[in-house]
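Numbering (the working numbering), first residue to last: 178 to 278. Working notes, beginning with the structure itself.
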Amino acid sequence: MTKAEVISEIADKTGIEKSDVQATVEAFFKVVKDSMADGNNIYVRGFGSFVNKKRARKVARNISKNTSIIIDEHFIPSFKPSKTFVQKIKNSKKIKEAVAA
């Protein structure tokens with residue numbers, strides 16, 4: 178599902194105009210990105226958490242040049258779904274049918 182499809186579905190279910198829904202969704206994404214860039218994690222109860230994960234400094238290999246590369250410690254964005262979110266996916270009949278096929 179693309180962002181445009183999500184916006185259309187939200188507009189259909191709520192009766193709010195697509196342009197307003199699009200502005201809201203874009204604003205949400207901007208807040209998430211800006212907050213995480215500032216080092217803040219975001220917790221949405223019943224949905225999940227957007228967190229910054231720390232990756233330690235490590236030595237990697239460039240196989241094509243046969244050299245070592247040092248990768249400094251850095252942070253990457255990560256999403257961890259809530260327990261209720263995970264349970265809903267586990268109990269989904271459509272997903273079970275897709276896996277069985």
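Using N, Cα and C, we set each Cβ at its ideal position, and we do this for glycine too.
Query                                                                                                                                            : Result
On the three-state DSSP scale, how would you describe T179?                                                                                      : coil
Comparing alpha-carbon positions, which option in S185, I193, I247, G225 lies nearest Q264?                                                      : G225
With DSSP as the reference, identify every bridge partner of N229, one or two as the case may be.                                                : P254
Identify the continuous beta strand (DSSP E) that holds S245 and give its terminal residues.                                                     : 244 to 248
Where does V321 land, buried or exposed, given buried means 16+ other C-beta within 10 angstroms?                                                : One cannot answer for residue 321 here, as it falls past the ends of the chain, which runs 178 to 278.
From what residue to what residue does the beta strand (DSSP E) around I272 run?                                                                 : Here I272 belongs to no beta strand (DSSP E); instead the alpha helix (DSSP H) covers 270 to 277.
Assuming K230 and F252 are in contact, meaning their beta carbons sit under 8 Å apart, how far apart are those beta carbons, in whole angstroms? : 7 Å
For K260 and N268, what's the separation of their Cα atoms in angstroms?                                                                         : 12 Å
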